[in-house]
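The block underneath contains the structure these notes are about, expressed in structure tokens.
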Amino acid sequence: MQSISVPTIVVLTISCTLARDVKLNQQWNLWKEAHNKHYSNAEEHLRRAIWENNLKIVEQHNLQADLGIHTYWLGMNKYADLTVDEFVKILDGFSSKMQEQRRQSYQTFTSDPNVELPDTVDWRKKGDVVPVKNQGQCGACWAFSAVGSIESAYAIKTGKLVSLSEQQLVDCSGTYGNMGCNGGLMDQAFEYVIGVGGIETEDSYPYEAIDKRCVFNTSKVVVKVCGFIDIRSKDEAALQQAVATIGPISVAIDASHSSFQLYKRGGMYFSSLLISYYHFTRFV
Numbered sequence: 001m002q003s004i005s006v007p008t009i010v011v012l013t014i015s016c017t018l019a020r021d022v023k024l025n026q027q028w029n030l031w032k033e034a035h036n037k038h039y040s041n042a043e044e045h046l047r048r049a050i051w052e053n054n055l056k057i058v059e060q061h062n063l064q065a066d067l068g069i070h071t072y073w074l075g076m077n078k079y080a081d082l083t084v085d086e087f088v089k090i091l092d093g094f095s096s097k098m099q100e101q102r103r104q105s106y107q108t109f110t111s112d113p114n115v116e117l118p119d120t121v122d123w124r125k126k127g128d129v130v131p132v133k134n135q136g137q138c139g140a141c142w143a144f145s146a147v148g149s150i151e152s153a154y155a156i157k158t159g160k161l162v163s164l165s166e167q168q169l170v171d172c173s174g175t176y177g178n179m180g181c182n183g184g185l186m187d188q189a190f191e192y193v194i195g196v197g198g199i200e201t202e203d204s205y206p207y208e209a210i211d212k213r214c215v216f217n218t219s220k221v222v223v224k225v226c227g228f229i230d231i232r233s234k235d236e237a238a239l240q241q242a243v244a245t246i247g248p249i250s251v252a253i254d255a256s257h258s259s260f261q262l263y264k265r266g267g268m269y270f271s272s273l274l275i276s277y278y279h280f281t282r283f284v
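So in my numbering, the last one in the sequence shown is 284, and the numbering has no gaps at all.
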């Protein structure tokens with residue numbers, strides 16, 4: 001049994017016609033097949049219209065990316081039949097009310113200007129990041145972010161990469177202020193894991209993407225957390241140093257843009273229209 005300390009930073013509407021472009025029929029059908037999409041007749045008209053609108057966004061953006069205007073490219077992924085509002089509702093694990101109530105007494109990480117940092121860091125290449133998971137139609141990004149940081153901290157300390165249980169946090173951390181598929185905070189997730197004495201593996205407590213009755217079994221705990229620290233919001237120097245010297249860090253980002261919804265590859269996603277924190281993830 002190992003104890004670890006985890007750092008964290010806590011920081012439908014569509015205006016398009018329902019007329020379809022028949023030239024896109026084959027592309028639409030191939031996309032549906034690739035992403036296993038099935039609709040009723042009425043819904044298919046709406047989803048097709050949204051999909052065509054997103055296709056225009058992708059094509060226009062990628063033309064600009066090819067010209068060097070952007071550093072990243074978009075693609076018609078499984079979210080391409082959703083509006084941005086619908087996409088945000090799927091991912092949204094953030095509650096502004098919870099953020100307001102969040103304790104401000106957590107220990108804070110500060111950067112050391114004397115520390116020499118590498119040009120690049122990618123903990124995936126070191127084998128310390130569990131493969132990407134799918135939160136499904138459940139606003140549990142807060143749980144995935146927290147669990148991912150715990151997994152990596154454990155891997156860095158022990159050399160063992162173990163997939164841990166997000167479902168345990170979804171089902172069991174309500175008394176710490178989280179709301180399952182309706183949102184939560186990473187700090188509260190870490191507090192829960194500390195408070196109950198640890199977390200199970202994903203195999204012993206598998207993810208189901210819905211709120212269920214808590215069935216946490218202390219005898220199945222594989223990782224304990226002894227503490228965590230915060231990074232001040234927008235302190236990029238501290239975040240850079242923490243990722244380089246400690247490991248993957250839980251972060252909050254604004255995901256309320258089509259450029260995030262449809263992101264495919266390339267340089268860091270960026271939007272000058274930062275509004276609020278809508279999604280929790282990790283820097284690795």
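From the three backbone atoms N, C-alpha and C, an ideal C-beta is built for every residue, glycine too.
For D230, the enclosing beta strand (DSSP E) starts and ends at V223 to I231. Comparing C-alpha distances from N217 to each of F228, V196, A209 and I231 shows the shortest one belongs to V196.
Taking the Cα positions, A237 is about 12 angstroms away from T245.
Within the model, the alpha-carbon separation for E202 versus D66 is close to 41 angstroms.
In this structure, the CA atom of I57 is about 31 angstroms from the CA atom of A143.
Contact between the region 126 to 137 and the region 221 to 238 is absent: fewer than three C-beta pairs spanning the two stretches fall below 8 angstroms.
Around the beta carbon of E208, fewer than 16 other beta carbons lie within 10 angstroms, which makes this residue exposed. Look at L82 here: in three-state DSSP terms it is coil, with no helix or strand label. Secondary structure at T108: strand, using DSSP grouped into helix, strand and coil.
Spanning the alpha carbons of D122 and T158 requires a straight line of approximately 18 angstroms. Put simply, of E43, Q64, T175 and Q241 the residue whose alpha carbon is nearest the alpha carbon of D112 is Q241.
The secondary-structure analysis by DSSP pairs S165 with nothing; it has no beta-bridge partner. Among the bridge pairs identified by DSSP, T201 is matched with L164. Rounded to whole angstroms, I150 and Y176 show a C-alpha spacing of 18 angstroms.
In the DSSP annotation of this structure, L239 is not part of any beta strand (DSSP E); the continuous alpha helix (DSSP H) holding it starts and ends at E236 to T245.
If the five residues before and after K78 are omitted, its C-beta is found closer than 6 angstroms to the C-beta atoms of H35, all from its own chain and listed in chain order.
Counting other Cβ atoms within 10 Å of its Cβ, R48 reaches 16 or more and is therefore classed as buried. Shown here for G267: same chain residues with a beta carbon closer than 7 angstroms to its own, the five before and five after excluded, namely T71 and Y72 in chain order. Taken through DSSP and simplified to helix, strand or coil, R47 comes out as helix. As DSSP reads the structure, R265 sits in a beta bridge with W73. Sorting S258, Y263 and R265 by C-alpha distance to the C-alpha of I50 places S258 at the top.
Nearest Cα to E200 within the set K264, H38 and V221: V221. In this structure, DSSP gives C141 a helical state, which the three-state scheme calls helix.
Cβ-Cβ distances below 7 angstroms link L117 to Q240, Q241 and A244 in the same chain, with the five nearest sequence neighbours on each side left out; the list follows chain order.
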